[in-house]
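A.B. asks:
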Amino acid sequence: MDTKELLKKVKTIELKTRGLTKQVFSGEYHSAFKGRGMAFSEVRDYHYGDDVRSLDWNVTARFNSPFIKVFEEERELNIMLLIDISESNNFGQKERTKKELMLEIVAVLAFSAVANNDKVGAIFISDEVEKFIPPKKGKAHCMMILRHMIDYKPKSKGTNINEGLKYFRNVIKKRSIAFVISDFIDYSAFVDGLKIANKKHDVVALKTEDPLEKELPKIGITKLYDAESEKYKWVNTYSSSAQEKYKQAYIKRSKQFEEAMRKARIDYATISTDSQYLEALITLFQRRAK
15 MDTKELLKKV KTIELKTRGL TKQVFSGEYH SAFKGRGMAF SEVRDYHYGD DVRSLDWNVT
75 ARFNSPFIKV FEEERELNIM LLIDISESNN FGQKERTKKE LMLEIVAVLA FSAVANNDKV
135 GAIFISDEVE KFIPPKKGKA HCMMILRHMI DYKPKSKGTN INEGLKYFRN VIKKRSIAFV
195 ISDFIDYSAF VDGLKIANKK HDVVALKTED PLEKELPKIG ITKLYDAESE KYKWVNTYSS
255 SAQEKYKQAY IKRSKQFEEA MRKARIDYAT ISTDSQYLEA LITLFQRRAK
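The sequence shown begins at 15 in my numbering and counts up by one.
1. For Y291, name the three-state secondary structure that DSSP assigns.
2. In terms of residues, what are the limits of the beta strand (DSSP E) holding K245?
3. Between V218 and the rest of its own chain, which residues show a CB-CB distance below 6 Å, the 5 nearest in sequence each way excluded?
4. Would I191 and I93 qualify as a contact pair, given that the criterion is a beta-carbon distance under 8 Å?
5. Where does the unbroken beta strand (DSSP E) through S196 begin, and where does it stop?
6. In this structure, what does DSSP give as the bridge partners for I309?
7. For H61, count the other beta carbons within 10 Å of its own beta carbon; 16 or more makes it buried, fewer makes it exposed. Which is it?
8. Mind checking whether F138 and I97 have CB atoms under 8 Å apart?
9. Would you mind working out which of D132, P148, S254 sits nearest I233, comparing C-alpha positions?
10. Based on DSSP bridge pairs, tell me the residues matched to I280.
11. Does the separation of the CB atoms of Y166 and E227 fall below 8 Å?
12. Checking the sheet assignment: what are the DSSP bridge partners for A129?
13. Helix, strand or coil for P225? Go by DSSP, reduced to three states.
14. Measuring only the C-alpha atoms, how far is S126 from A203?
15. Using a Cβ distance threshold of 8 Å, determine whether the stretch 59-78 contacts the stretch 110-127, with at least three qualifying pairs required.
16. Going by DSSP in three states, E144 sits in which element: helix, strand or coil?
17. My output table needs one value for I139: the three-state DSSP class, helix, strand or coil.
18. Assuming N212 is part of the alpha helix (DSSP H), what are its boundary residues?
19. Whose C-alpha, out of Y252, K25, F77, is nearest the C-alpha of T236?
20. Compute the Euclidean distance between the alpha carbons of F9 and K153, then round it to the nearest angstrom.
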């Protein structure tokens, strides 16, 4: 994609998501994320009933009188976008692939961070860390993230989200809101990584899927291809047993994913390429705000 075409596509994404950003995050963003961290503000005289664990012993010793540390809610957040760019995300119907859905979700989250004066960064992940974009403020920085996401060519086709989570934990020291955006096909392999990251940071899983993953289209005997394993399998799509087996396998995977996220205490949302992701995001943030 040449530079002119790339910039045009980025601008189109910005215009498409601008209104959604205002609609989703005018209230929900603050109530769902703001005030989750506490930052030191000042010291004051100790009053009866204050928590003695908040005593500032250095100041107390210096003035020979008890002083308390006062904390306030942190107003500036780090938003980190951990984006699965493996080959399986190119799957989808003609209207929109999972990658295109991810791009719009990334745009909404990034521009929302800008609107709230927060920093936003990104980590592109296949079965290795492909690219790291440090968190910064500003619209230009968000546009740069989108340009890279549109034009970046992954070195690998596989998926190993654990590599990205490990890199994130080592590089980002400040407590952050980490959106892990993936189709979570092999989620069981990195549930423990999500748990570890969630101990220090606030991890949110956004799972993308396509209707073709829910029900097998009736297109005759066809060879299905797994983009990650690079293997083919012949399937008779008219077979009722094949149809039912395919559907039940999807239901089972979905339930197992949801149960795994609940046990790991990870907030999550599942968003399909044929749906309006706006509703799913609003529901997620309203649930977090309760």
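Quick reminder that beta carbons are idealized off the backbone N, C-alpha and C, glycines included.
C.D. replies: Taking the definition as stated:
1. helix
2. 245-250
3. F193, D281
4. yes
5. 191-196
6. This structure does not reach residue 309, given that the chain is present from 15 up to 304, and the question cannot be answered.
7. exposed
8. yes
9. S254
10. Partner(s): none; I280 has no beta bridge.
11. no
12. Partner(s): none; A129 has no beta bridge.
13. helix
14. 31 Å
15. no
16. strand
17. strand
18. 205-214
19. Y252
20. Here the chain has residues from 15 to 304 only, and residue 9 is not among them.
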